[in-house]
């Protein structure tokens, strides 16, 4: 193996052109539009539901009726461990809970 005279090892630092490109693209990445909380009601929040949560683990329940943007009623349970899950509004147990909430 022969080495050329004046050969040098590759620099571990990026070239100045690449660095300049990164600095120019940084504001575009930082200013990406964030999802507006108001848009939450323009689509279904619950893509997947469960019917296997015991009521004793539920801290609070948020019920959203059907809308033009989401034709399915949604039940979002905040659990005592801090998680939020979507409940199946057609499950018999949750229908009963919903009926009791509407009566009171």
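Residue numbers (mature numbering (1 follows the signal peptide of the UniProt record, and there is no 0)): -31 to -1, 1 to 73.
We put the CB at the ideal spot given by N, CA and C, even for glycine.
Within-9 Å CB hit, residue i to chain B
i	result
residue 18	No chain B is part of this structure, which consists of one protein chain only.
Cα-Cα separation, residue i to residue j
i	j	result
residue 53	residue 32	13 Å
residue 16	residue 71	24 Å
residue 38	residue 14	11 Å
residue 49	residue 34	24 Å
residue 45	residue 12	14 Å
residue 55	residue 73	22 Å
Integer Cβ distance of residue i from residue j, believed to fall under 8 Å
i	j	result
residue 57	residue 29	Not quite, the Cβ-Cβ distance comes to about 18 Å (not below 8 Å), so this is no contact.
residue 24	residue 66	7 Å
For residue i, the residue or residues it bridges with in DSSP
i	result
residue 46	30 and 54
residue 19	56
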